[in-house]
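Undergrad: My questions all concern the structure below.
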C-alpha cells in the first residue's frame, strides 16, 4: 500500500526517487483530490448564460452554471428521475461552445452509450473509444474504429495491413510452401518492418480522428488505452460516478485539468466481487503529504498532522457502508436524509487543504470522498423529479415526454434520503395507471388503477422464506413461495385492467426469488421484466411490484436493510408501486426500515394476505 501511494505522489508532483524534478509541472487537479493543496475557490461568472436546452428546470440550470464556473471540481447529485443525463449533456455542449476539449467517461459501457445517444443529435464532432461489440448497435458509426475506417488515410493503412497478412501467411505455410533458412529469417525481418509501418499508419489515422473530436467518450477503464496515451483534456466528466471504484476513476482524472462527477451516492455502490477486497487491510492512515519512509520511521512531514489512525481490523466482519449508515454516514445522520443537499453551504474561505483520510472500504467512491473532504460547497443537487424520454433513434424534437414518479411514490425517499428536496413535476405528480391508453377507467376497478402505492402485508400469515441450499456465503439467497403467489395474482389483476406485461416489472433483492418468479410467470407473460434490485438500476416501469422475501421468527432481514439498494427498488415505478412483505419482520431491520413500514401503514392502500 505504501509503495502504491508513493507511486501516485511521484506521478502527481513529478518527483523521482531522488526527489522533485527541477522543472516539475504539477497537476493541480490531482493535488486537490489528494488534499495536497487548497481547492481553488468557486466564483460565479455565468449569471447571464444562454442555455441551449429550453426544457431545463431551475435546479438543472443552477447545476450547469456551477459545473461551468467551478475551477477544479464539481459534483452533480442526481436523484432518480431528476434529469441528470440531460443536465450533463447541457454542460458538455456549453463546454464545447467555450472551445474546451472534453473527455466523457462512465462506470460502464451502458452509461457511456446513454450519454453518446443524447449527444449525437447535436452534431458535435465526437468519437467513442471502445470495441464496437460493446457499443449499442445504433451507435457503431460513432466509434473510433468506424471513423478511422472512413478516413481519407484508411486506404494506406489497409495496404500495409494486406502486405503484413501476406507476409505472415508465407511464414506459417506448410509443406513445400514453408520458408526455411535464410529466406525465413529474411521474411521475419520483413514482417517486423511491415508491422512497424502498419502501426505507424494506424496511429496517424487514430490521432487524426481524435484531433478532430471535441468530445471523446470512453469507459473509465478504456480511457487508459493506448489511443489516449499522453493526451490531455480541459475537462473530464464522469457519469454514474457513484458506481465506479475510485481507483478506476483515477485513470480518467489524470488526463484532465478539471473534473465533473455526476451520480447518486444514495443508490447502488460499485460492485465488489470479493468481500476481502472490499475493506482496506491492516494498514495505517497516511497523513497528507507524508511519504512511506517517514511513516515507517514514525515521522511526520513538515506541516502534516502527527497523529495516526488505524483502519478497521480486517479480521472483523466486513460491512458495507450502508450497514454503518445509521452510525457514521454524514449524509444520512439521524435518518434525516441528505441534510447537506439543500440549502447549499457557501464555499469555505479557508485556504488550508483538508486532511486526506483514506476510506475504510473500496465501496467509498471518489464522489463520496470528495464530498466528505470538501463539504457540500462543491456539490449541486437536482431536485425536480421527472424523466425526459428522448426519441429512439435519437433526433432533435420538441415533443419530449414527461414521465417519472407519482408524488406519493417519491415522498418517502425524498423525505428520508434527499432532505425533502425531491419535488415531483406537476406533469407527473398525480399521474396514475388509469391515465394510460388502454387501461380501464371503470370506477369498479379503481382499487387497481387509481392507487399509486399498495402494500400487501403478510404479517402473521406464516409466509416464511426459504434459504437457497446452494447460496454462497453466510447470507445465501432466499425465496418465498407464498409471496410469489401474491405477486402472480397482482400481475394478473394489472393485466386484466389493460396494462401490458411490458409495462410491469417485478423486483426482488434475491436471485432465488427471481428464479422462482420467472418459472411461475415468464411462460404466461414473456414480456414481463423480472430481476434483482441491482439489475434494475437506471430502469423504470409504469408499475413495479417489489417482493421483499424476508419473513422469519428471528426477524432477520439481511442486506434488505441497505438503504441504497432499497432506494433503487422503490424509485423504479412511474405510476404504481406494489410492495409485498412481512411488516413484523421488516420493521426489525433498523430505524430506516421501521420508518418505511410506518409510512406504508399511514400512506399506502394496505391490504392483507388473501385480499387480491
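Numbering (UniProt numbering), first residue to last: 1 to 612. Built from N, CA and C at the ideal position, the CB exists for glycine as well.
Given 8 Å as the limit, is there contact between the stretch 110–121 and the stretch 223–233, that is, 3 or more CB pairs closer than that?
TA: These segments do not touch.
Undergrad: Can you grab the Cα-Cα spacing for the pair residue 512 / residue 478, in whole Å?
TA: Translated into the one-based positions of the chain shown, residue 512 becomes position 512. Translated into the one-based positions of the chain shown, residue 478 becomes position 478. Each residue's Cα considered, the two are about 6 Å apart.
Undergrad: Which same chain residues end up closer than 7 Å to residue 609 when comparing Cβ atoms and leaving out the 5 residues on each side of it in sequence?
TA: As a first step, residue 609 must be located in the chain shown, where it is residue number 609. 456, 458, 461, 463 and 486.
Undergrad: Kindly list the residues whose CB is nearer than 6 Å to the CB of residue 412, restricted to its own chain and excluding five residues on each side of it in sequence; keep chain order.
TA: Walking along the chain shown from the start, residue 412 turns up at place 412. If we look at residue 412 and ignore the five residues flanking it on each side, its Cβ neighbours are 599.
Undergrad: Pull up the CB-CB distance for residue 264 and residue 242, whole angstroms please, since I reckon it's below 8 Å.
TA: Within the chain shown, numbered from 1, the residue matching residue 264 stands at position 264. Within the chain shown, numbered from 1, the residue matching residue 242 stands at position 242. Right, their Cβ atoms sit about 6 Å apart.
Undergrad: Relative to the C-alpha of residue 364, which residue among 246, 409 and 429 is closest?
TA: Sequence index remark: in the chain shown, residue 364 carries index 364 (1-based). Residue 364 has its Cα closest to that of 246, out of 246, 409 and 429.
Undergrad: Enumerate in chain order the residues of its own chain whose CB-to-CB distance from residue 527 is below 8 Å, with the five nearest sequence positions on each side excluded.
TA: As a working mapping, residue 527 is identified with position 527 in the chain shown. 500, 501 and 502, listed in sequence order.
Undergrad: Considering just the uninterrupted stretch of the beta strand (DSSP E) at residue 670, what are its terminal residues?
TA: With the chain running from 1 to 612 in the structure shown, residue 670 is simply not present.
Undergrad: So, at 6 Å on beta carbons, what are the nonlocal neighbours of residue 368 in its own chain, with the 5 sequence-adjacent residues on each side left out?
TA: For this step, residue 368 is matched to residue 368 along the chain shown. Only 265 meet the Cβ criterion.
Undergrad: Indicate whether residue 430 and residue 422 have their beta-carbon atoms separated by less than 8 Å.
TA: On the chain shown, position 430 is the one that residue 430 refers to. On the chain shown, position 422 is the one that residue 422 refers to. Their beta carbons are not under 8 Å apart, which means residue 430 does not touch residue 422 by this criterion.
Undergrad: Along the chain, where does the alpha helix (DSSP H) that runs through residue 616 open and close?
TA: Within the shown structure, residues of the chain are numbered from 1 to 612, placing residue 616 beyond reach of any answer.
Undergrad: Does the stretch 372–386 come close enough to the stretch 533–542 that 3 or more CB-CB pairs lie under 8 Å?
TA: Too few Cβ pairs lie closer than 8 Å, so no.
Undergrad: For residue 311, which three-state DSSP category applies?
TA: Along the chain shown, read from residue 1 onward, the residue named residue 311 stands at position 311. Confidence in residue 311 is poor, its pLDDT being 33 and thus under 50, which makes the residue's placement unreliable; the coordinate value appears in the next sentence. Note: residue 311 maps to coil in three-state DSSP.
Undergrad: When every heavy atom of the ligand SAH is checked, does at least one fall within less than 7 Å of the C-beta of residue 565?
TA: With respect to the ligand SAH, the structure offers nothing, as it holds no ligand at all.
Undergrad: So, at 6 Å on beta carbons, what are the nonlocal neighbours of residue 223 in its own chain, with the 5 sequence-adjacent residues on each side left out?
TA: By one-based count along the chain shown, residue 223 stands at place 223. Excluding residues within five positions, the ones whose Cβ falls inside 6 Å are 105, 251 and 252.
Undergrad: Whose C-alpha, out of 133, 210, 564 and 492, is nearest the C-alpha of residue 102?
TA: For the purposes of this step, residue 102 is identified with residue 102 of the chain shown, where counting begins at 1. Per the Cα distances, 210.
Undergrad: Sort out for me which residues DSSP pairs residue 457 with in a bridge.
TA: Residue numbering aside, residue 457 sits at position 457 when the chain shown is read from its first letter. Paired residues: 581 and 608.
Undergrad: Comparing alpha-carbon positions, which option in 267, 444, 141 and 493 lies nearest residue 535?
TA: Counting from one through the chain shown, the residue named residue 535 turns up at place 535. Checked all of 267, 444, 141 and 493; the closest Cα to residue 535 is 267.
Undergrad: For the stretch 185–254, list the beta strand (DSSP E) runs that are entirely contained and at least 3 residues long, ordered along the chain.
TA: Those beta strand (DSSP E) runs which fall completely within the stretch 185–254 and span 3+ residues are 215–219 and 235–239.
Undergrad: Taking the alpha-carbon positions, what's the residue 244 to residue 108 distance?
TA: Position 244 of the chain shown, counted from the start, is the residue given in the question as residue 244. Position 108 of the chain shown, counted from the start, is the residue given in the question as residue 108. Answer to the nearest angstrom: the Cα atoms are 8 Å apart.
Undergrad: Ends of the alpha helix (DSSP H) at residue 613?
TA: With the chain represented from 1 up to 612, any question about residue 613 goes unanswered, as that position is not in the structure.
Undergrad: Return the CA-CA distance between residue 668 and residue 130, expressed in angstroms with no decimal places.
TA: What is shown of the chain runs 1 to 612, which leaves residue 668 out entirely.
Undergrad: I'd like the span of the alpha helix (DSSP H) that includes residue 505, first residue to last.
TA: As a working note, residue 505 is residue 505 in the chain shown. Segment 504–508 is the beta strand (DSSP E) holding residue 505; no alpha helix (DSSP H) there.
Undergrad: In three-state terms, what does DSSP make of residue 598?
TA: By one-based count along the chain shown, residue 598 stands at place 598. Residue 598: helix per DSSP, three-state reduction.
Undergrad: Whether or not the stretch 556–568 and the stretch 429–448 are in contact is what I'm after, with contact meaning three or more pairs of Cβ atoms, one per stretch, closer than 8 Å; do they touch?
TA: Judged by Cβ distances under 8 Å, the stretch 429–448 makes no contact with the stretch 556–568, as fewer than three pairs qualify.
Undergrad: Is residue 126 near residue 119, with beta carbons less than 8 Å apart?
TA: The count along the chain shown starts at 1 and reaches residue 126 at position 126. The count along the chain shown starts at 1 and reaches residue 119 at position 119. Cβ atoms of residue 126 and residue 119: closer than 8 Å.
Undergrad: Please confirm whether residue 148 and residue 140 have their CB atoms less than 8 Å apart.
TA: On the chain shown, residue 148 is found 148 positions in, with the first residue counted as 1. On the chain shown, residue 140 is found 140 positions in, with the first residue counted as 1. No; because the gap between Cβ atoms is not below 8 Å, this pair is not in contact.
Undergrad: Entirely within the stretch 48–94 and at least 4 residues each: give me those alpha helix (DSSP H) ranges in chain order.
TA: Listed in chain order, the complete alpha helix (DSSP H) runs (minimum 4 residues) inside the stretch 48–94 are 58–69.
Undergrad: If you measure between the beta carbons of residue 507 and residue 491, is that distance less than 8 Å?
TA: As a working mapping, residue 507 is identified with position 507 in the chain shown. As a working mapping, residue 491 is identified with position 491 in the chain shown. No.
Undergrad: Note down the Cα distance separating residue 302 from residue 98, rounded to an integer number of angstroms.
TA: Along the chain shown, one-based indexing puts residue 302 at 302. Along the chain shown, one-based indexing puts residue 98 at 98. In this prediction, residue 302 has a pLDDT of 40, which is less than 50 and means its spatial position is unreliable; nothing more can be read from the coordinates.
Undergrad: Assign residue 58 to one of two classes, buried (16 or more other C-beta atoms within 10 Å of its C-beta) or exposed (fewer than that).
TA: Position 58 of the chain shown holds residue 58. The residue is exposed, with fewer than 16 neighbouring Cβ atoms inside 10 Å.
Undergrad: Using the beta-carbon count (16 or more within 10 Å), is residue 239 buried or exposed?
TA: The sequence position of residue 239 within the chain shown is 239, counting from 1. Classification for residue 239: buried.
Undergrad: Find out if the Cβ-Cβ distance for the pair residue 32, residue 69 is shorter than 8 Å.
TA: Taking the first residue of the chain shown as position 1, residue 32 is located at position 32. Taking the first residue of the chain shown as position 1, residue 69 is located at position 69. Cβ atoms of residue 32 and residue 69: not closer than 8 Å.
Undergrad: Do residue 552 and residue 515 have their C-beta atoms within less than 8 Å of each other?
TA: On the chain shown, residue 552 is found 552 positions in, with the first residue counted as 1. On the chain shown, residue 515 is found 515 positions in, with the first residue counted as 1. Their beta carbons are not under 8 Å apart, which means residue 552 does not touch residue 515 by this criterion.
Undergrad: Check this for me: beta carbons of residue 151 and residue 205, under 8 Å apart or not?
TA: For the purposes of this step, residue 151 is identified with residue 151 of the chain shown, where counting begins at 1. For the purposes of this step, residue 205 is identified with residue 205 of the chain shown, where counting begins at 1. Cβ atoms of residue 151 and residue 205: closer than 8 Å.
Undergrad: Can you give the Cα-Cα distance for residue 28 and residue 49, rounded to whole angstroms?
TA: Taking the chain shown and counting its residues from 1, the one referred to as residue 28 is at position 28. Taking the chain shown and counting its residues from 1, the one referred to as residue 49 is at position 49. Spanning the two alpha carbons is a distance of roughly 27 Å.
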